[in-house]
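Line by line, the protein sequences give chains A and B.
According to the numbering used here, the first sequence is numbered sequentially starting from 1196.
According to the numbering used here, the second sequence is numbered sequentially starting from 259.
We treat Cβ as the ideally placed atom computed from N, Cα and C, and that holds for glycine.
Remember, predicted model here, so these are calculated numbers, not experimental data.
Step one of this worksheet: look at the structure below.
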Amino acid sequence: MRKWLTVISAIMLTGSLLAGCGGKEPGTGTSSNKQPAGKEVTIKIMNFKVEIAEQFNKLKEEYEKEHPGVKLQIDTLLGGDDYNTQLKARFASGEMPDIFANEGYNQMDAWLEYLEDLSDQPWIEHEVDIAKEPTLRDGKVYGMPVGLEGLGFLYNKDLFAQAGITELPKTLSELEAAAQKLQAAGIEPFVNHFDTWFGLGFHNLNNAFAKQPDPNAFIQGLNDGTASIAGNAIFQDWTKMFDVVIKYGNKNALTTDYNTQSTLFATGKAAMNQGGNWLQPVIDKLNPEMNVGILPMPINEDGDLNDRLFVGPANNWVIYKDSPVKEEAKEFLNWLVSSETGQTYLTKEFKFIPAFTNIKAEPADLGDIGAGVLEYIEQGKVLGWHWSKYPNGAAPEFGASMQKYVSGKIDAAAMLSEFQSAWDKMKSRK
Amino acid sequence: MKRWLTSQPMQQSVFLGPALLVYAIIMMLPFLLGIYYSFSDWNGVSSQINGVGLQNYKTILTDDPDFGRSLWFTARFTVTVVLLSNVIGFLIAYVLSKPLKSRNVLRTIFFMPNVLGGLLLGFIWQFIFTRSFSAIGQATDIGFFNLFWLGTENTAFWGLVIVSVWQGAGYLMVIYIAGLTNVPSDLMEAAAIDGASGLQVLRHIVLPLIMPAVTICLFLSISWAFKSFDLNFSLTQGGPYKSTESVAMNIYFEAFKSNRYGLGTAKAVIFFVIVTIITMIQVSITKKKEVEM
């Protein structure tokens, strides 16, 4: 009896092993089950936004009703950090999704050879300009923007009123004055989460790159060695804004994580935090009654330069080139942005700010923050997102230097020169 | 009965073959592939793999202070954790091998942290350090709890040490208990009759006799501490400012987040060599101290 058990379990173990290795060759796993026409096909989608997981499933039902024979299979993974790691794991095991997300720019380098060229798709003519750049490579379009997102300081309108702030701050000194008023009224002005490099190296520091007279030329200059961060006036101004955020912020910011920060802000424990319209679903869940708005992040006294939000495409849908159902996948993406049902889902259910001119979004559908961002977009008062243009691995270094600065280990000049050396070190690595 | 069925080579391949095959596919193949990738510029997904010779190793040795820093952190962490977890594990085992009424319950309790996974532990302890400690600190005004836990280099380091020791000591305790129960009681009695004090018995009789357990425990705890990743990942994320980034985490970030798989595997190869050398030295030293009964 025992013997047989051992033999069987040994066989099963070896068997599962072989099964695990079976799909190792990229592509073969999926291309082998090519479907003959007329039969049911399944499009595998890897969703990166946990906030819209439920809504996406409703959309799936609608789509399957309208398109008999096409099934959607949606896997939702938390976006950002772990998404790309997961994607690599699926790629290596031959389980590559047909539609997945990519942030564009440098993030696209690794995947470029596996992406389907979408240049001939009908939605391109409606695409807004700021959304095009990330996935444009050698004149070809590789991705469809998911939606636009705006980044700035979120603020609690009720707490601002309580502190007697009538004029929204547009410059750094006004921001500091507002923070002082809040403090005087017994309200914590900022709640920061400095525990990870993500919000620092990406979102916060983007400010200094975006406010360069020509950000792309500046980044090019950093790569050529003709420009430098250390002596740059905009970067020096940015450190002053960083000072204000630190000075009027929660004391334990270095151990405050994203969830804690969002909770503190949504429950009215602090008046401002760095964030964007992606936080709307979280706030709706924690405190649906909250009056919230979005402010620009001023770094100096230049009113025109500072009264701008940072707006970029949240992410882009891309299609796996070797997918057996890539035509169906293209059709799905096209349906998403051109059909009435798809458009309604994008704005009303997902609450995305559309990246296409033929989709109209009602401010009421988007929620308070989205409406605020939309206003800035319509007035053209926007700057870009540049962190995907940093050399690979530079952002964590930036974040670490900023954490050192927050803890008082280094001064502003040292922080800027650390940025410079991180950039130089990372750009030279292949 | 056919002769060849019972022959030595046949027996060997039937009994060892499957295990060897599994070992070769799961351990050896990835290991050799890793060495191969360490000489390339592969980014993890590309179909293009270019050999770059020793370039990756050169980068690590000449132009990567982060790797050196994480190695130094890992070394300090390993020494502290190995010392503390073995001392504490042994002391608990020593006490719990005495005839106490509640010893089975206590053994279970001390072993329990080991059952929980490192990731989970990290998240739980993060909450304890950042929320519970500060709440206790506010209520009692005890300095220890009012430290800025996980927010400074030192508290983050000691936070990691505390959790690792708390987690690992229970496991080592089990091994030490097994060692202690094998110490013949007639020897102890004889020593006691000869007038040896408790400490003398411990030092001259118990310790030499449980050296095999010490060898295993040291080996285990050294390799755990060196390779620590999950706890590190969930408790501090390497922060603040990368001061608690273990080598395993540095490799992971390089290979999977920065898309430099070649460089990451080169780091892993260097790390492998270091860990191998250290554990080999440790095993050969402690082996010599073992006494045959």
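Check	Outcome
Chain A residues whose Cβ lies nearer than 7 Å to that of Leu408 (chain B)	Thr1450
Amino acids of chain A, ordered along the chain, whose beta-carbon sits closer than 7 Å to that of Pro498 (chain B)	Leu1449, Gln1598 and Ser1602
C-beta neighbour in chain A for Arg461 (chain B), strict 8 Å	no
Cβ pair Gly1498 (chain A), Gly1345 (chain A) closer than 8 Å	no
Contacts around Gly376 (chain B), its chain only, beta-carbon distance under 6 Å, and the 5 residues preceding and following it disregarded	Asp488 and Leu489
Same chain, Cβ closer than 7 Å to Thr264 (chain B), neighbours up to 5 away in sequence not counted	none
For Lys1376 (chain A), the nearest candidate out of A:Thr1361, A:His1388, A:Lys1365 and A:Asn1297 (CA to CA)	A:Thr1361
Whole-Å CB distance - Ile307 (chain B) paired with Ser298 (chain B), under 8 Å assumed	5 Å
DSSP state of Tyr1350 (chain A) mapped onto helix, strand, coil	strand
Beta-carbon gap between Val1477 (chain A) and Asn1351 (chain A) smaller than 8 Å	no
Three-state class that DSSP yields for Met1467 (chain A) in the structure shown	strand
Other residues of its chain near Ala1374 (chain A): CB distance less than 6 Å, five sequence neighbours each side excluded	Pro1384 and Tyr1443
Pair within 8 Å by beta-carbon distance, Leu1343 (chain A) and Ala1550 (chain A)	yes
Interface partners of Gly311 (chain B) on chain A, CB under 9 Å	Ordered by position in chain A, no residue passes the 9 Å Cβ test against Gly311 (chain B), which lies about 13 Å from the chain.
Lys1525 (chain A) versus Pro1408 (chain A) - alpha carbon distance	38 Å
Three-state secondary structure assigned by DSSP to Gly401 (chain B)	helix
Per-residue DSSP class, three states only, for Ala1326 (chain A)	helix
Gly401 (chain B) versus Thr413 (chain B) - alpha carbon distance	13 Å
Range covered by the alpha helix (DSSP H) that runs through Ala513 (chain B)	First-last for Ala513 (chain B): undefined, no H or E at that position.
Cβ pair Ser1583 (chain A), Tyr1337 (chain A) closer than 8 Å	no
Helix, strand or coil at Asp1270 (chain A) [DSSP, three-state]	strand
Spatial neighbours of Ala513 (chain B) in its chain, beta-carbon cut-off 6 Å, leaving aside the 5 residues before and after	Tyr519 and Gly522
Stretch-stretch touch, CB-based, cutoff 8 Å, three pairs: the stretch 501-510 of chain B with the stretch 1600-1610 of chain A	no
Tyr434 (chain B) beta carbon less than 8 Å from that of Phe368 (chain B)	no
Gln540 (chain B): contacting residues in chain A (beta-carbon distance under 9 Å)	Those do not exist, as Gln540 (chain B) stays about 32 Å from chain A at its closest Cβ, beyond 9 Å.
Arg1332 (chain A) - partner residues in DSSP beta bridges	A:Lys1335
Span separating the alpha-carbon of Ser271 (chain B) from that of Ala282 (chain B)	14 Å
Segment contact flag, the stretch 1390-1410 of chain A with the stretch 1584-1600 of chain A, C-beta cutoff 8 Å, min 3 pairs	yes
Integer Cβ distance of Lys1255 (chain A) from Leu1272 (chain A), believed to fall under 8 Å	Contact flag wrong, Cβ pair sits at about 16 Å.
Anticipated Cβ contact below 8 Å, Ile1564 (chain A) with Leu1349 (chain A), distance rounded	6 Å
Chain A contacts made by the stretch 489-514 of chain B, where a contact means CB separation under 8 Å	Gln495, Gly497, Pro498, Tyr499, Lys500, Phe511, Glu512 and Phe514
Sub-8 Å separation of Ala1296 (chain A) and Met1339 (chain A) beta-carbons	no
Bridge partners - Met1241 (chain A), DSSP secondary structure assignment	A:Asp1270
Cβ contact check for the stretch 1505-1517 of chain A and the stretch 1325-1336 of chain A: 3 or more pairs under 8 Å	yes
Rounded distance between the beta-carbons of Lys1546 (chain A) and Leu1561 (chain A), thought under 8 Å	5 Å
Span separating the alpha-carbon of Arg361 (chain B) from that of Ser355 (chain B)	8 Å
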